[in-house]
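For our numbering, count along the sequence shown from 1 and bump the result up by 97. All C-beta atoms in this analysis are idealised placements derived from N, C-alpha and C, irrespective of residue type, glycine included. Keep in mind the model is a prediction, meaning the values are calculated, not measured. Written below as structure tokens is the structure these notes are about.
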Amino acid sequence: MTAASPAELMARRIALVEALTALNARQLLHSQTRAGIEVELLSCAEAVESDGETADTRTRRAALEARLARVVALADDCDREQEALAGALSELDRQLAET
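Next up, the structure:
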């Protein structure tokens, strides 16, 4: 197997940085979505405190908790992908340093 040229390594590095940037953007979106859901959950809890728990508030809270769980799972997936890409980027940087 032939060693990759510095230009090929740089092209791979650019692609990895691009992928990491996209993941960072997705992670930001997940974070903002999570914060919005948490605010809605607080609003739901306040409604329960002031008006008592109703079927509507139970349904709303359950739906919000399900959405929150999905967003947290998506954020966790992003974290794992970011770790893998960061590892690949470190290896690529090591290869570039050897050229």
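Look at residue i and residue j and say whether their C-beta atoms are less than 8 Å apart.
i	j	result
L106	T196	yes
T182	L120	Residue 182 is actually Leu in this sequence, not Thr. A contact, by the Cβ cut-off of 8 Å.
L165	R131	yes
H127	L161	no
L117	Q179	yes
Can you tell me where the alpha helix (DSSP H) with residue i in it begins and where it stops?
i	result
T198	The displayed coordinates of the chain run from 98 to 196. Any statement about residue 198 would go beyond what the structure contains.
Exposed or buried, residue i, counting other C-beta atoms within 10 Å across all chains shown (16 or more means buried)?
i	result
V136	exposed
V169	exposed
Check your understanding: Counting pairs of beta carbons, one from the segment 167-176 and one from the segment 148-156, are three or more of them closer than 8 Å?
Key -> no
Review point. Counting pairs of Cβ atoms below 8 Å between the segment 129-148 and the segment 187-195, do you hit three or more?
Key: no
Exercise for review: Please list the segments of the alpha helix (DSSP H) lying wholly inside the segment 114-182, counting only runs of 4 or more residues, in order along the chain.
Suggested key: none
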